[in-house]
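Going by my numbering, the first residue of the sequence shown is number 46, and it counts up by one from there.
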Amino acid sequence: MLKNDRWINEQAKAGMLQPFQSNLVRHLEPEQAAQPVLSYGCSSYGYDLRLSPKEFLIFRHIPGTVMNPKRFNPANLDPAPLHQDEDGAFFILPAHSYGLGVALEKLRVPPTITVICLGK
């Protein structure tokens with residue numbers, strides 16, 4: 046069963062998600078629609094997390110190696126630099142690659158709930 050925004054809000058008040066934004070934020074100054082941002086906060090059936098600007102790693106293929114989750118090779122991860130322009134700060138993820146980031150929010154999800162994270 047999918048959990049809606051009411052359930053997410055209730056659970057957030059009980060400490061499931063911190064810091065918690067109860068509505069979807071699309072601009073840093075909503076009154077003037079100034080500085081658009083990638084949305085974050087609670088939406089109808091989900092929560093948009095934010096990535097920490099401190100660390101983002103990109104998986105890279107090393108010829109002749111296999112990605113084994115039981116014997117993970119840290120050499121398969123490259124740090125990605127944080128870029129900045131007039132629209133804000135961002136990471137560049139190359140085509141057909143995967144990234145490993147850290148969320149600004151901390152989640153304490155009940156053991157009976159499964160969470161799916163998708164990139165934007």
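Yeah, the Cβ is synthetic: ideal placement off N, Cα and C, and Gly gets one too.
Fair warning: this is a prediction, and the values are worked out from it, not measured in the lab.
Helix, strand or coil: how does DSSP classify residue i here?
i: Lys99; result: strand
i: Pro156; result: coil
i: Asp132; result: coil
i: Gln66; result: coil
i: Lys151; result: strand
i: Pro126; result: coil
i: Pro108; result: coil
i: Pro81; result: strand
Using C-beta distances below 8 Å, list every residue in its chain close to residue i, excluding the 5 sequence neighbours before and after it, in chain order.
i: Val154; result: Met61 and Val160
i: Asn49; result: Ser89 and Tyr90
By the 10 Å Cβ neighbour count, where 16 or more other Cβ atoms means buried, how is residue i classified, buried or exposed?
i: Ala134; result: exposed
i: Leu96; result: buried
i: Tyr90; result: exposed
i: Gly109; result: exposed
i: Ala148; result: exposed
i: Ile158; result: exposed
i: Cys162; result: exposed
i: Ala140; result: exposed
Enumerate in chain order the residues of its own chain whose CB-to-CB distance from residue i is below 7 Å, with the five nearest sequence positions on each side excluded.
i: Leu83; result: Lys165
i: Ile107; result: Ala120 and Asn121
i: Phe101; result: Ala125, Phe136, Gly144 and Gly146
i: Asn54; result: Ser67 and Cys87
Since residue i and residue j should fall inside the 8 Å C-beta cutoff, what is the C-beta to C-beta distance between them, to a whole number of angstroms?
i: Asp93; j: Leu69; result: 7 Å
Leaving aside the five residues before and after residue i along the sequence, list all residues of the same chain whose C-beta is less than 6 Å from its C-beta, in chain order.
i: Phe65; result: Ala57
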